[in-house]
Structures are given as C-alpha cells and as structure tokens.
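Chains as they are written, first to last, in our numbering: chain V, 1 to 93; chain D, 1 to 135.
Read through the structure below, which is laid out as structure tokens, and then see the notes.
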Amino acid sequence: VSWGLSIARDAIVDLQALDPWLQEEVLDEVDGLCAHPPRPRGGLVDAEFVHDFERTSAGVRHVVFIRVRRDETTSTLSVLSIVDVVRPPLSQP
Amino acid sequence: MRAESLLSHLPGLTADAARRWIAASLAEVEALRAYDDQLYPPADDPASLGAAEHVRAAWRQWADEADALLARVAAVAPPAGGIPGVVDLDRAVAGARAMLKLSPQTLNERRRQVDRGDVLTAGEARRELGLKHRP
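In structure tokens form, the structure reads like this:
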C-alpha cells in the first residue's frame with residue numbers, strides 16, 4: 001500500500017526554483033518513495049532521511065537531495081526540502 | 001586535509017597519488033558524518049545552533065578542499081577502470097553542498113509547518129507549479 005504524501009508549505013519554493021522538467025523528476029522520485037518508503041534507521045518512529053538522485057540535461061549534471069520526514073503512525077512522507085546541486089561533468093568513468 | 005596546499009606546489013599528480021588523496025578525503029567524510037545528528041538540532045537554542053555551525057564550517061572547508069582535489073584529479077590521465085573513489089567523492093561533495101544550502105532555522109520552520117499541517121498535497125503542488133495534473 002502506497003504511503004501518503006505531503007509537502008511542507010515552504011518546500012514549494014524549492015520546487016519553484018527548478019526547471020519544470022526537474023520539478024517533474026522530483027515529484028516522480030517522491031511518488032516512488034511513497035510506493036516503497038525506506039526503512040527508518042535506529043527504530044525511530046518519526047525519522048527523517050535524505051533521498052538523492054542525479055539527472056543530466058543539456059550537458060548540465062544535477063544532483064538533487066530531498067529531505068523527507070517519515071511518519072509511521074500516519075503512513076505519511078512529508079517533504080521538508082529539495083536542494084539541487086549542479087556539479088561539473090565527471091572526468092572518470 | 002593538506003592536499004591543496006601541497007599539490008599546488010608540486011608538478012603533476014599521478015593516478016596512484018590521486019587515489020590516495022581521494023581515499024584520505026573519503027575517510028574525512030566518515031569522520032565528519034559522526035556528527036550528522038548535530039547538524040539540524042530540533043530546537044533553535046543558541047548552544048545547539050552554535051555546535052551545528054561548527055560542524056557546518058568543517059563541512060564547508062572539507063567540500064572546498066575536496067572540490068579542489070577533484071579538479072586536480074580531472075587533469076590526471078586515468079588508468080583503465082578510472083581512479084577509485086572519484087564518483088563517491090563527487091557525490092559526497094554534492095551532499096555537503098546541499099546540506100550547507102539548508103540552514104537549521106529553515107529546516108526547523110518546515111518541521112513546524114508539517115507539525116501544524118501547513119502542507120500541500122502532490123496535486124496542490126502541481127497546481128501551484130503549473131504542472132499537468134496526474135491522477
């Protein structure tokens with residue numbers, strides 16, 4: 001059963017800072033997390049975790065970090081922040 | 001890490017030396033991660049925020065040095081299979097940069113928003129962003 005999703009009011013500002021294609025990628029990633037929520041560390045009921053993913057578009061490499069609160073009691077994931085970090089191309093395979 | 005202060009005075013960098021410096025930098029990451037639980041104290045009290053700022057300053061310095069190392073490694077002719085640890089180091093730098101962009105005060109405000117239900121659903125977020133609705 002997929003978990004519920006909420007997004008902290010101010011986290012929408014993080015999304016607005018991204019290009020629309022990357023906004024879609026973030027929402028797709030979050031949907032995936034709701035379908036398969038990571039297990040909490042240390043047995044905490046109310047834990048936070050950071051999910052990251054990487055996409056390259058027009059030669060620009062984006063690494064996106066999504067900070068999420070996992071609420072076991074309501075089966076809800078709450079997005080707290082989304083940060084896009086642009087990195088130079090990797091020179092090594 | 002002394003890589004940048006030393007390497008800037010030396011000609012060239014071999015793949016083997018690059019591998020060793022990268023391993024040293026990744027070891028420093030592991031040491032810094034021992035303080036992850038102090039990066040975002042749940043309360044905005046000065047003592048906790050002061051400790052967090054010290055940890056953040058250490059990460060900032062590490063990330064700057066690691067980025068300088070990666071730039072030097074990019075100029076090294078890689079052996080077959082590449083230089084081990086480059087991808088991990090790059091991702092660790094990206095993670096540090098992301099962490100540094102999010103202040104404890106900002107995160108705490110967002111935690112409070114979630115606590116009081118000041119949140120959007122995915123559909124509401126899509127509307128605010130002007131994205132197509134998905135069922």
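Just so it is clear, CB atoms sit at the ideal spot from N, CA and C, and this is done for glycine as well.
*Have a look at D:Tyr35, D:Glu30, D:Gly50 and D:Ile83 and flag the residue whose alpha-carbon is nearest the alpha-carbon of D:Leu13.*
D:Ile83
_Is there a C-beta anywhere in chain D that falls below 7 angstroms from the one on V:Ile12?_
yes
*Taking only beta-carbon atoms, is V:Ala17 less than 7 angstroms away from chain D?*
no
*Label D:Leu6 either buried or exposed according to how many other C-beta atoms from any shown protein chain fall within 10 Å of its C-beta, with 16 as the threshold for buried.*
exposed
*Could you give the distance in angstroms between the alpha-carbon of D:Tyr103 and the alpha-carbon of D:Ala47?*
Rather than Tyr, the amino acid found at residue 103 of chain D in this sequence is Ser. Each residue's alpha carbon lies about 15 angstroms from the other.
*Which value, in whole angstroms, describes the spacing of the CA atoms of D:Val55 and V:Leu80?*
21 angstroms
*Nearest chain V C-beta to D:Gln105 closer than 7 angstroms, yes or no?*
no
*Since D:Val29 and V:Leu90 are thought to touch, with beta carbons under 8 angstroms apart, how far apart are those beta carbons, to the nearest angstrom?*
With 8 angstroms as the limit, D:Val29 and V:Leu90 do not qualify as a contact, their Cβ atoms being about 17 angstroms apart.
_Chain-ordered neighbours of D:Gln113 on chain V, where CB pairs are closer than 8 angstroms_ = Ala8, Arg9 and Asp10
*asked:* By the DSSP assignment, the alpha helix (DSSP H) with D:Val87 in it spans what residues?
replied: Val86 to Lys101
*Of all the options D:Arg97, D:Pro11 and D:Asp16, which has the alpha carbon lying nearest to the alpha carbon of D:Arg60?*
D:Arg97
*Mind checking whether V:Arg70 and V:Leu77 have CB atoms under 7 angstroms apart?*
yes
*At 3 residues or longer, and completely inside the stretch 2 to 88 of chain D: list those beta strand (DSSP E) runs for me, N to C.*
none
_Which residue wins for smallest C-alpha separation from D:Ala34, given the options D:Ala43, D:Ala52, D:Trp21 and D:Val76?_
D:Ala52
_Would D:Ala66 pass as an interface residue toward chain V - the criterion being a Cβ-Cβ separation below 7 angstroms?_
no
*Kindly say whether D:Leu6, judged by its beta-carbon, lies nearer than 7 angstroms to any beta-carbon of chain V.*
no
_V:Thr76 - containing beta strand (DSSP E), residue span_ = Thr76 to Arg87
*Given a cut-off of 7 angstroms, decide if V:Leu33 and V:His149 are closer than it, judged by their beta-carbon atoms.*
With chain V covering only 1 through 93, there is no way to say anything about residue 149 of chain V.
*Taking V:Val83 as the query, report the chain D residues whose CB atoms sit under 7 angstroms from its CB, ordered along the chain.*
Ala98, Lys101 and Leu102
*asked:* To the nearest angstrom, how far is the alpha carbon of D:Pro11 from that of D:Val76?
replied: 12 angstroms
*From which residue to which residue does the beta strand (DSSP E) around V:Ala17 run?*
Here V:Ala17 belongs to no beta strand (DSSP E), and DSSP marks it neither H nor E.
*Any Cβ of chain D within less than 7 angstroms of the Cβ of V:Phe49?*
no
*Count the other CB atoms within 10 Å of the CB of V:Trp21; is the residue buried (16 or more) or exposed (fewer)?*
exposed
*Per DSSP, V:Leu27 forms a beta bridge with which residues?*
According to DSSP, which records beta bridges pairwise, V:Leu27 is partnered with nothing at all.
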